[in-house]
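Residue numbering for the sequence shown follows the numbering used here, starting at 6 and increasing by one per position. C-beta: ideal position from N, C-alpha, C; glycine also. Fair warning: this is a prediction, and the values are worked out from it, not measured in the lab.
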Amino acid sequence: MITKDKKMGLAEIEKQFAPLTFGRLLKSHRIGEGLTQVEMAKQLKISKQSLNDLEHERKVPSVRRAIAIARKIGVMEELVVQLVLQDYLSREKLSFTVSVSKGFKAS
Numbered sequence: 006m007i008t009k010d011k012k013m014g015l016a017e018i019e020k021q022f023a024p025l026t027f028g029r030l031l032k033s034h035r036i037g038e039g040l041t042q043v044e045m046a047k048q049l050k051i052s053k054q055s056l057n058d059l060e061h062e063r064k065v066p067s068v069r070r071a072i073a074i075a076r077k078i079g080v081m082e083e084l085v086v087q088l089v090l091q092d093y094l095s096r097e098k099l100s101f102t103v104s105v106s107k108g109f110k111a112s
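Take a look at the structure:
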């Protein structure tokens, strides 16, 4: 149960509910905005089926595609990069934890 007095961070939310994935983030954002899958798919310029596959974690987008989606819906790029990379590792059943920060430039 979430109360008004307690603010929950990502770790607390994941502990109480389930690990956050790119698909869960996308679906919760869509529902929070009051959009149907058709409306959200149009906003993202993807098919409804593609959105459905992402939300139900049947597909994981490339990092570049995830960043493009993040920009369109106003979600932090670092968060979606972290989630997508974590999703890839989880699919491979590799127990690593991803941490992402913006600013490194490869030469």
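| Item | Value |
| --- | --- |
| Assigned secondary structure, H34 (DSSP; H/G/I helix, E/B strand, else coil) | helix |
| Given 8 Å, three or more beta-carbon pairs between the region 51-60 and the region 91-98 | no |
| Expected contact under 8 Å - CB spacing of P66 and F27 to nearest Å | 7 Å |
| Alpha-carbon spacing of A75 relative to M81, whole angstroms | 6 Å |
| Residues of its chain near E83, where Cβ-Cβ distance is below 8 Å and the 5 sequence neighbours each way are ignored | V105, S106, K107 |
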